[in-house]
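Using the numbering used here, the letters of the sequence shown correspond one by one to residues 169 to 244.
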Amino acid sequence: PSARLIPVEKSAEFFGFFNMLGKFAAVVGPFLMGSVTLLTGNARLGILSILILFAVGWFLLRKVDISEGERMAKES
């Protein structure tokens, strides 16, 4: 579904950015979990800390208008 939100002529650029963010998440998630576990001594809190990342993602994406994004991608 998200591929419909990008202009066809810029698809390589957007998917490259998406790939880079995936690598960033692969570092940040375990680092956050490990840091919280180390500081608290509780692995359950470490796993729970991943909810922070989901909350940030939800906050950033909650106002995305899919239909408007599809329209803008088709126009460009």
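Ideal Cβ positions, reconstructed from N, Cα and C, are used throughout, including at glycine.
Out of Val195, Ala194, Ile215, the CA that lies nearest to the CA of Val204 is found in Ile215. Boundaries cannot be given for Glu177, as no alpha helix (DSSP H) includes it and DSSP labels it neither H nor E. Burial check for Ile220: the Cβ neighbour count within 10 Å stays below 16, so the residue is exposed.
Boundaries of the alpha helix (DSSP H) harbouring Arg212: 211 to 216, taken from the DSSP string. Rounded to the nearest angstrom, the gap between the Cα atoms of Ala171 and Phe227 is 21 Å. Leu200 is positioned such that its CB atom lies closer than 8 Å to that of Ser217. In the structure shown, the three-state DSSP call for Arg230 is coil.
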